[in-house]
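Oh and the sequence shown: position 361 is 361 in UniProt numbering, straight run, nothing missing. A quick write-up on the structure given underneath.
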Amino acid sequence: MPWDERWSPFAFANAFANGPGGDSGDRPPPTIPQGLSPLALPLDLAKMKILFLCTAHNSLSQRLFLVLSEVHSVTVEYALSELVMIEAANLAKPDLIICPFLTSRVPREIYNEYLTLIIHPGPPGDAGPSALDWVLMGDDGSEPDPQKLLQSTSLSRDGRSHWGVTVLQAVEEFDAGPVWAFEQFPLDIDAPDVTKSGLYRGAVARAAVTATLAALNRIMAAAASGHVGVVHTPPPSPDYGVAETMRLQRHLAEASPRASSPAAEAARPTLSPHLLPQPAYGVLSVTLRTPFLGGETRRRPLLQAAQRDFDVGIHTAREISRRIRCADSQPGCLTPLFGMKLYVYGGLVESDPDLVSRQPFGPGSVVACREDSAVCVATWDGRAVWITHIRRVKRKADAALWPKVPAVSGLRALGLLDDATLSHLRVPRATPDFAKAPSPTFQEVWVDVAHVPGGRRVAFVHFEFYNGAMSAAQCGHLLEALRHVVASRRTDGEEDAGRAAGRLAAVVLMGGKSYFSNGIALNVIEASAAGPAAESWRNINRIDDVVQFLLDDLPRRGVLTVAAIRGNCAAGGVALAAACDVVVAAKEAVLNPAYRALGLHGSEFHSLSYTGRCGVAGAKRLLRGMTPLSAAEARRVGLVDHVVPGMAGETVDAAVRNWVRGLLRDPGYVYAPGTWKRHPNVDVSAAGLAAARAEELGEMAKDFWSARSVRYHVRRRDFVRKVKACRTPLRFAVHRRSGGMLDEEERDEFDDVGAFEQRALEAGVQERVKRLLAEVERKEHEASRADAVVPTQCTSKGAGLADSRDMGPINCLMDTWESGRDPEFSSIAYLAIQPEPRTSLTLQRCSGPYASIGRNVASRASFSAESMVCISYLLPDVKGKESRKLELEQLGGETTEEEHLDSSAQPNPAFSSGGDHGLVCVDDLTNQILSLRFSGIKLIEICNYTSGVLSE
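Right, dumping it as structure tokens:
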């Protein structure tokens, strides 16, 4: 079964030159290896149904989702429980299950039925839930006992030279199944910008994609051989580069016949879970085709947060940095460094000896604070480590995790850093002119100015904000840097003196390596002393200031604006990039342009940039879709102008710089605004920008302060405090969509302030009911209720009282308010029904001057007739208006259709009052008589009775 020699890994540069996926468009179809001919496949494997089981749909799973979705049908389920996972598999009926990020065990019922692949962020032989944590802390595998390793004051000097990612088959034991593929990459654990989360989003995600695609190729080859349950030996070199792999799989999908009917589709067989990989797959990596180069691998246990603690009097700055960075961004390094136990983040080692020696304090002392954000802590070896963020420890009484906040503001809030000390320790930014510091130090914003032919200059503006979040203060720093760039170099059309120094022709926003930008800083907002709403408003206005500078100030000076999306990007960060004249994105970047998933309308002038780039309908799809986009897809819809190979790193930087230089090298170059600004529905004049900003901020004000704000405040809180999701959004779990089902965020009502007002009102009533029931329960403990209370009258003909039977508490709550919607009625009533003791309540709303609930309620509330109590009762006019004041005697023996919630409901037989403040109610299904006595709208007493048959 020979393999075509042309199938070797493609260079990413060629893939970029040839368009998305490496296809040039005029290249002939690939020569398909004999074993992978669509006609030879026992099932339609060329285009598979794939189910993702994830703890969360994170950066790695999103990247893999986008790659596989180019060919296969992929659906996602959050692994909330074993039952949920089993149900998802039964609904999706996938050919293959992949677990890109899973922290729980795959149920046996799943991996026995479906071929299930686990993506483990470690090489073959490595096992355990803290693979990246151990390797970044310095574990090189030489010590077999993890406890001895933790007890040693120093781990390996240099750490491992390589790390890897393994795609293995799920079995009973964690990370112990047969290996289908593994990929490795070089690693420097002491690089200043290497953290666990950064490594995961970059090298680990890239290796996971490569290894997964290789595993799919091998699985298809094994299935095509027809051998199940035995070791299959495929050709010696079935591994392609990413671009070639995707090109081959797309070709197979197009050539492969599909099921012709739903019945045939339902009868499709799935991949056998008994397929066995070749043993060599666990030995040789996909790209290098060599054994793992990083040393001996071990099974390691969970690395607890407290086990990363350090002693500034024993550990060196490098060792402390490792312990902090190996826990960033979760769970954090737990340490009592500042006098109380806190999780700390950052871990950059300061290289400037003058900064360290400026304070005569000992190890553990704060020697500097910068930009009101990070603190620098001295170590015993004469160096220091920057702590950028802290998080308080969750106590048992705390409902959820605390926000992660900048170290300076967090320590000040806890009283661990006072204003006088802060003023004394504050140091200026790393360089006065925003140039890149010559040695590693804490520096969030810097500018690299480059010369291009023709006497032009280009400013590459870097902003490396933690997790891509831009607080109001950080937006201010970025805006200051942009203004400095403009002020320091004269632009086209100005004095000749400026020309001699070089004209500023372009500003390139470089963002950060892992993240370009993710918009406003939700953790800072959540922890703000001014309140989340006020801080949100301050933050969104400040980021709008940055975008307005890009849309107004720079274009008026003839300066081209370019956004270089080197890392992932979301929400306001995408809009920030889209506002530039040109957007260049790394091929591996993942974009999430929508705001709605967080409950926000969004600003950053997206109403102009999205519309100009994607059209009115396209912009709406971007905002309503709430699903990730690859760089290639973003280019297809117009959000991105150019795609360059790779992700972050020197390759992307060089590609961006070369593209900009090539554009400006032309002697005839003259600034021209981005083509999107010429869209007929886009006005980027000063007046147009002011109108767009006012409209967007008007909607954002509703998101912060109106009844609609609950959608944002709840989602922000849950995101920041890591509240576990209760279900998978249908936009990801397409296997659960049926009958036009939509997520709440996909519905038009999600924007309706009035709907949220009504919901808030109902929630307030429910809260009153809860308090009422709590009061009733308290009184039940204080006094005996053994004797039933007999109603004063019952004039229903033939009605008699039988022995008392406890049906559980039945409660009626009446609520009144000033209503501007319905001039007829000024009150509303809610009936809280508890059919059996200690069960949850059902609230049924009744409106009108008086109302009765008929038998239709039973089916609507899904209660049986035996347990449902239907009540007819009067809503008194608490305003006292004579025109709507009704006496209890008016009820008599009959009710009118107006009195019923539903006109089809059967009226109750008869009922009469027991005084001016009492009402006897009879259920027309169970003949249960209830006496409810009120004083105004305050419930005094509830009594339950059982009667005989009532006659008309």
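Using N, Cα and C, we set each Cβ at its ideal position, and we do this for glycine too.
- Buried is the label assigned to Met470, since at least 16 other Cβ atoms lie within 10 Å of its Cβ.
- For Leu600, same chain residues with a beta-carbon under 6 angstroms away, outside a window of 5 residues either side, are Asp703, Tyr712 in chain order.
- Annotation: the continuous alpha helix (DSSP H) that includes Ile324 extends over 317 to 325.
- Annotation: Tyr200 is outside any beta strand (DSSP E) and is labelled neither H nor E by DSSP.
- A check of alpha carbon separations from Cys475 across Ile543, Leu149, His451, Met510 identifies Ile543 as the nearest.
- In the DSSP assignment, Cys99 falls within the beta strand (DSSP E) that extends over 96 to 99.
- Distance from the CA atom of Glu749 to the CA atom of Leu66, rounded to whole angstroms, is 29 angstroms.
- DSSP lists no bridge partner for Ile540.
- Looking at the backbone, the Cα of Ala472 and that of Val283 are separated by about 50 angstroms.
- The alpha carbon of Asp193 has as its nearest neighbour, out of Pro680, Gly512, Thr561, Arg635, the alpha carbon of Gly512.
- Per DSSP, reduced to three states, the secondary structure at Met700 is helical.
- Among the bridge pairs identified by DSSP, Cys369 is matched with Val375, Arg426.
- The Cβ-Cβ distance between Arg391 and Trp402 falls below 8 angstroms.
- Counting along the chain, Thr55 sits inside no alpha helix (DSSP H), nor does DSSP assign it H or E at all.
- DSSP places Pro532 within a helical segment (H, G or I) once states are collapsed to three.
- Excluding residues up to 5 positions away in sequence, Thr561, Ala579, Cys580 lie with their Cβ nearer than 7 angstroms to the Cβ of Leu550 in the same chain.
- About 4 angstroms separates the beta carbon of Arg708 from that of Phe756, a gap short enough to meet the 8 angstroms contact definition.
- Residue environment analysis places Asn523 among the buried positions, since at least 16 neighbouring C-beta atoms fall within 10 angstroms of its C-beta.
- Sequence-distant partners of Leu478 (beyond 5 residues in either direction) whose C-beta falls short of 7 angstroms from its own C-beta, in its chain, are Val445, Phe463, Val546.
- As the crow flies, the alpha-carbon of Ala203 is around 7 angstroms from that of Phe185.
- Judged by DSSP in its simplified three-state form, Gln169 adopts strand.
- Annotation for Asn518: no alpha helix (DSSP H) segment contains it, and DSSP assigns it neither H nor E.
- For the set Lys49, Arg308, Ile387, the Cα lying nearest the Cα of Thr153 is the one of Arg308.
- Ala586 sits in a strand when the DSSP states are folded into three classes.
- Residue His315 holds the alpha-carbon nearest to the alpha-carbon of Leu150 among His315, Met626, Leu51.
- The Cβ neighbour count for Cys614, taken over all protein chains shown within 10 Å, is at least 16; the residue is labelled buried.
- Within the model, the alpha-carbon separation for Leu168 versus Thr212 is close to 10 angstroms.
- For the options Gly638, Glu695, Ala586, Val366, the alpha carbon positioned closest to that of Arg426 is the one of Val366.
- Between Ile320 and Gly346, the CB-CB gap reaches or exceeds 8 angstroms.
- With fewer than 16 other Cβ atoms inside 10 Å of its own Cβ, Gln147 counts as exposed.
- Rounded to the nearest angstrom, the gap between the Cα atoms of Val405 and Ala527 is 7 angstroms.
- About 6 angstroms separates the Cβ atoms of Arg429 and Glu371, confirming a contact at the 8 angstroms cut-off.
- Between Tyr515 and Gly567, the C-beta spacing is below 8 angstroms.
- Distance between Val377 and Asp419, taken at the CA atoms: about 18 angstroms.
- The secondary-structure analysis by DSSP pairs Leu334 across a beta bridge with Tyr343.
- Contact between the segment 97 to 108 and the segment 117 to 135 is present: 3 or more CB-CB pairs across the two stretches fall below 8 angstroms.
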